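Everything in the sequence shown is counted per this note's numbering, starting at 61 for the first residue and increasing by one.
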Amino acid sequence: PCNVRGQEHFYLEGQVALVSPTEDDGVAVLVSSQHPSEVQKLVASTLGIALNRVTVSVRRMGGAFGGKETQAAPLACIAALFARRTGRAIKYRMPRQQDMMQTGKRHDFENEYCLGFDDQGVIQAAELTLAARCGYSADLSDSIVDRAMFHADNAYCLQNAQITGYRCRTNTVSNTAFRGFGGPQGMLTIEAAMDHMASTLDIDPVDVRLRNLYRPGNDETPYGQKVTDFRLGRMMDQLIEQSHYRQRRQGIAEFNARQSYLRRGLALTPVKFGISFTATHLNQAGALIHIYSDGSVHLNHGGTEMGQGLLTKVQQIVASAFGVSTALVQVSATATDKVPNTSPTAASSGTDLNAMAALDAANQIKARLIAFLAQGDVVGPGEFSDGKVRHGDVIWDWADLIQAAYLNRVSLSATGFYKTPDIHFDRATGKGQPFYYYAFGVACSEVVVDTTTGEYRLSQVDILHDVGRSLNPALDQGQIEGGFVQGLGWLTTEELLWNEAGHLISNSPSNYKIPTAFDIPDHFKVTLFQEDNPEATVFHSKAVGEPPLMLAISVWCALRDACRRPMQPLPDLAVPATPEQVYWALSGRKDAADLGRGP
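Printed below as a string of structure tokens:
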């Protein structure tokens, strides 16, 4: 078994909504939500009015991580009812303790695996069963378990595989989306199985992983999608060399042989994460661009900003398209009266979708400007750069061209649209191509464990992460570091506990421990693997929101490695692997993964 516990989102800004009546018998909603259009629909349904009477705006969120995809809407609906009844603006903000007790978490999973393999550690058959604790309502559990099943293979070709998922209705809060959306729970299961297999065969776990990677000829996933991008093998080889994995593995064996109370553990694990909404209709986005007569640009799109840098990236894309400074491009709040029918900003697709829609709008305006410059001549491509526009021998200053175009009645506004191509999935057959492409990553982590107490320290982390052609390396590095640390919390320190009455008792910062600066290793190196995405994404970049979280699985595997005794089977280790759970794993108890756990 590989049982995985949940996780609290712990966004710094809690759930909050402000609803004001409008003169047309409607409401204006300012809300901290990843999905303005869903808030719009539910508020309209609650009040019994048409969607066009409800305007929802999101300027920015103080964090979300999936916890504001569906669960922000109830606050807006409650505030809207009071606003309608009183005729006044109503603000509803949840105190932190109530927020933690009432909102859904990452899904708990109870997973089982059974592998058939040869004496070289190559998998010949696999059976995996994934069961999610969904809570009292469905929320997004259907899609979350789907994605857990899609990622139960991680980076490995599972021949003759049977993967089964169960959605379990339970008497708890309704669990919901969380960064990774089921992928981490599925991925952890196969990584636990890989370590188990390596231990059984007495083979280095990294060699077992390398032997089972997708490669030409072994390239079809259990759900029928072909893997066509094989960069992960090269990435693993690069990080093995860069992190000195082989030498450190030997050094750790010698250290553990001579130490009586300290043990070190090491693990190197890959990530293959599919990018797209598995609900195909959500893979669409819109954008609106206005250029004013002074040359300044106003941009609005359907994505929401929650600290991930989406607005900055889309602003950069539009500025680059027009060849102007980002200072000329103003991005306004996401609003349902500017761009309708938006998809949630989730599934790591915020930039892929909204930047492409914005680029489409920009290209429409550029085509009009070039046609205006051509004045009946053959229309060439034109060049927009450094605040100038060049067409043939003619060079215009950007602001002068915009003023001239306005005076000649050229439209300087456009609506852009984008839908992800070549994706489909048939749930009846369990086959299709649910993902446009995959993002990859590799992490190598080392830990030191005190065998007398179970306390441990993460001493070194090396990460190599695939970003395609990075749109903003600083933002991407920040996302990789932050995602890894959030995954570290899920797997080590963040423990959800309930009392006998079923009440959440880890309901505040004092008793629910997210990682702090003291949990960051002294050696924490992130390297961007920059190689163009073969798919036609914006500037051939890759998504970087969710995949880094699963790099932290290397820490859990390293802890398990440290707990293993010579000539003994690999011990069970709970998630999260708190010092208490590490102590039980070191004790060799067969039921270690279940000790000290509540319902």
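We treat Cβ as the ideally placed atom computed from N, Cα and C, and that holds for glycine.
Bear in mind that the values here come from a model prediction, so they are computed numbers and not experimental data.
Environment of residue i [buried if 16+ CB atoms lie within 10 Å]
i    : result
F477 : exposed
S97  : buried
R193 : buried
A185 : exposed
S385 : exposed
E606 : buried
M295 : buried
Candidates the options: closest to residue i by CA position
i    : options                   : result
L556 : M366, V233 and S566       : S566
H69  : N63, S117, R119 and G123  : G123
D579 : A634, S519 and Y466       : S519
D582 : V507, S473 and R309       : V507
A661 : N171, V91 and Q157        : Not covered by the structure: residue 661. The range shown for the chain is 61 to 659.
E443 : Y497, E591, S380 and A88  : S380
S409 : S92, S601, A434 and Q628  : S601
A252 : I613, I300, F589 and A596 : I613
N278 : I223, Q298, T224 and Q219 : Q219
V103 : Q131, Q245 and A327       : Q131
T597 : R620, L611, Y497 and A645 : Y497
D621 : L611, A645 and E606       : A645
L588 : V527, T552 and N571       : V527
Y173 : A221, C137, D289 and A503 : A221
Q641 : V545, Y516 and D482       : Y516
A503 : T480, I540 and F485       : I540
I109 : R120, V116, F125 and D85  : D85
G648 : Y352, P629 and T638       : P629
V389 : K398, V399, G383 and Q375 : Q375
H341 : T480, G605, E591 and Q180 : T480
Sequence-distant residues of its chain with Cβ nearer than 8 Å to residue i (five each side left out)
i    : result
Y216 : I183, I250, M254, R269, N272, L273 and Y274
Three-way DSSP call (helix, strand, coil) for residue i in this model
i    : result
F125 : coil
P441 : coil
D460 : helix
L348 : strand
H304 : coil
R309 : helix
N567 : coil
F500 : strand
L72  : coil
V399 : coil
V642 : helix
A603 : coil
S614 : helix
F495 : coil
E595 : coil
K373 : helix
S409 : coil
A192 : strand
Q180 : coil
Alpha-carbon to alpha-carbon, residue j and residue i
i    : j    : result
A603 : R318 : 45 Å
A258 : G501 : 21 Å
P594 : G440 : 27 Å
V287 : D460 : 49 Å
S201 : L188 : 18 Å
D267 : D632 : 21 Å
V76  : F142 : 15 Å
Q94  : S392 : 16 Å
G176 : R308 : 30 Å
H525 : Q285 : 22 Å
A561 : Q157 : 17 Å
V118 : T364 : 7 Å
D213 : L609 : 17 Å
N468 : A434 : 13 Å
A464 : T396 : 32 Å
F333 : G543 : 14 Å
L413 : C623 : 44 Å
P569 : T511 : 28 Å
I574 : E554 : 6 Å
H304 : V331 : 20 Å
S203 : S445 : 43 Å
Same chain, Cβ closer than 6 Å to residue i, five either side skipped, listed in chain order
i    : result
A407 : F337
P404 : Q94, H95 and E129
G293 : L273
R166 : G66, Q67 and F238
L78  : L90 and K151
Sequence-distant residues of its chain with Cβ nearer than 7 Å to residue i (five each side left out)
i    : result
D354 : A459
F599 : R529 and L531
I455 : K448
Any non-hydrogen atom of the ligand SAH within 7 Å of residue i CB
i    : result
F177 : You won't find the ligand SAH in this model; it holds no ligand whatsoever.
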